[in-house]
Amino acid sequence: MSDTTVLSSPDALVLVARRGAVSTLTLNRPAALNSFTPGLHAELRASLDAAAADSRTRAVLITGAGRAFCAGQDLNDPGGRLDIGAVIETHYKPLVLRLQSMPVPVVCAVNGVAAGAGANFALCCDVVLAARSASFIQAFSKIGLIPDCGGTWLLPRLVGRPRALALALTGDKLSAEDAERFGLIWQAVDDADLPARAFALAEQLAAQPARALVATRQALDAAQSLSLSDALGLEARVQGELGRTADFAEGVEAFKQKRPARFADR
Ligand code: T3D
Numbered sequence: 001m002s003d004t005t006v007l008s009s010p011d012a013l014v015l016v017a018r019r020g021a022v023s024t025l026t027l028n029r030p031a032a033l034n035s036f037t038p039g040l041h042a043e044l045r046a047s048l049d050a051a052a053a054d055s056r057t058r059a060v061l062i063t064g065a066g067r068a069f070c071a072g073q074d075l076n077d078p079g080g081r082l083d084i085g086a087v088i089e090t091h092y093k094p095l096v097l098r099l100q101s102m103p104v105p106v107v108c109a110v111n112g113v114a115a116g117a118g119a120n121f122a123l124c125c126d127v128v129l130a131a132r133s134a135s136f137i138q139a140f141s142k143i144g145l146i147p148d149c150g151g152t153w154l155l156p157r158l159v160g161r162p163r164a165l166a167l168a169l170t171g172d173k174l175s176a177e178d179a180e181r182f183g184l185i186w187q188a189v190d191d192a193d194l195p196a197r198a199f200a201l202a203e204q205l206a207a208q209p210a211r212a213l214v215a216t217r218q219a220l221d222a223a224q225s226l227s228l229s230d231a232l233g234l235e236a237r238v239q240g241e242l243g244r245t246a247d248f249a250e251g252v253e254a255f256k257q258k259r260p261a262r263f264a265d266r
């Protein structure tokens, strides 16, 4: 598209393009179903850091090249076998924490199979859309591992312990439609519609007040381990802070003037 700025070389492991206020990151190892190597991890984290630092980016969209979203760790990479704990500490933990601390919303467009760490990486994003032909596989049990990339924390929170445990123990494939029905993802959409629907969603979020969206993510996550009384206290504190922002003033002014709000903060 004419207003798209391509920010990576064609052979990059993560393709980066910015269109308007949306930065799109595309995992680009299609021959190995976009499975994670140290190189892919490094490029992905650098791309997320760059999007976080670029004030023109108000939403990030993540997807995969080819027929898969991501097949998790590259099982042909000999490095992973030496000390898997170190791989998790060095690559997956910083990736999940980077996603959780992004200053803008992150949309994930799961274009095909998402397996192992690839599934949980997708689920770490703020809003997940999936092509109807896509699937989610907690593949870990099949190779003698536990869910990682945040899976142990996320899965029970998303779908409850019975479904989380069954998904993790069986390693069965979950269709995108069942993932939506379970509450694992936001929506399953027709394959042909996924790119446009995901971009439109990212654009919609990019037009909203970024600080409030990020504070919403943080408050929802924090409230999981708080009492009701403490969650109400957190809401009061965060709402007090947001109430002093230019975005809140602009939102209220735009409402009164019956015009679209123009949010600038990030
Ligand atoms: O360091 C560590 O190991 C610790 C970190 C662990 C985190 C994890 O993510 S553990 C889980 C790792 N992932 C998996 O176990 C999934 C393995 N892949 C599959 O089960 C299947 O490939 C899929 C269900 C994802 C897709 O099946 P299908 O039939 O559509 O495709 P395929 O024919 O199996 O795969 C196509 C190609 O991709 C094939 O290569 P080839 O034969 O055409 O040259 C296959 O080897 C390659 N591929 C698929 N997954 C991976 C992979 N190559 C490397 N690593 C993979 N994970």
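Taking the working numbering, the leading residue of the sequence shown gets 1, the next gets one more, and so forth. Backbone N, C-alpha and C define an ideal beta-carbon position, used for all residues, glycine too.
Between the CA atoms of residue j and residue i - distance to the nearest angstrom
| i | j | result |
| --- | --- | --- |
| G160 | D221 | 15 Å |
| G251 | K258 | 10 Å |
| M1 | T37 | For M1, the predicted structure reports a pLDDT of 48, less than 50, and the residue's modelled location is therefore unreliable. A value from the coordinates is still provided. About 30 Å. |
| Q204 | R58 | 10 Å |
| V16 | D49 | 12 Å |
| I146 | P162 | 16 Å |
| V127 | W186 | 6 Å |
| L184 | V22 | 24 Å |
| A86 | Y92 | 10 Å |
| R269 | D191 | Missing from the structure shown is residue 269; the chain here goes from 1 to 266 and no further. |
| A51 | V14 | 13 Å |
| A206 | G240 | 23 Å |
| P260 | S141 | 49 Å |
Distance CB(residue i)-CB(residue j) smaller than 7 Å
| i | j | result |
| --- | --- | --- |
| A166 | V113 | no |
| L99 | A198 | no |
| R217 | D265 | no |
| A117 | C149 | yes |
| G105 | L226 | Just to set this straight, residue 105 is Pro in the shown sequence, not Gly. No, the Cβ-Cβ distance between P105 and L226 is not below 7 Å. |
| L201 | V107 | yes |
| C70 | N34 | yes |
| P30 | G66 | yes |
| P156 | A164 | yes |
| A139 | G171 | yes |
| D74 | A122 | no |
| A215 | V238 | yes |
| V96 | C124 | yes |
| A234 | A219 | It should be noted that the sequence gives Leu, not Ala, for residue 234. Yes. Within cutoff. |
| S231 | A223 | The displayed chain sequence assigns Ala, not Ser, to residue 231. Closer than 7 Å, so yes. |
| L194 | A249 | no |
Residue-level contact to chain B via CB, residue i, 7 Å cutoff
| i | result |
| --- | --- |
| R157 | Protein chain content of the structure displayed is limited to a single chain, and chain B is not contained in it. |
If contact is defined by three or more beta carbon pairs under 8 Å, each pair taking one atom from either stretch, is the segment 27 to 44 in contact with the segment 59 to 75?
yes
Touching or not, the segment 223 to 240 and the segment 72 to 88, by the rule of three or more beta carbon pairs under 8 Å?
no
Around the ligand T3D, Cβ to any heavy atom closer than 6 Å, ordered along the chain
A32, L33, S35, A71, G72, Q73, D74, L75, N76, G80, I84, V87, V113, A115, G116, A117, I137, A139, F140, I143, L145 and D148
When the Cβ atoms of the segment 130 to 148 are set against those of the segment 170 to 182, are three or more pairs found closer than 8 Å?
yes
My parser needs the beta strand (DSSP E) runs of 3 or more residues fully inside the segment 132 to 163; what are they?
135 to 137
Where in the segment 160 to 229 do unbroken runs of the alpha helix (DSSP H), each at least 4 residues long, occur, reported from the N-terminal end onward?
161 to 170, 176 to 182, 194 to 206 and 210 to 223
What residue ranges within the segment 65 to 104 form continuous alpha helix (DSSP H) runs of no fewer than 4 residues, ordered along the chain?
78 to 82, 84 to 87 and 93 to 100
If you scan the segment 1 to 58 from start to end, which runs of the beta strand (DSSP E) of 3 or more residues do you find wholly inside it?
4 to 6, 14 to 19 and 22 to 27
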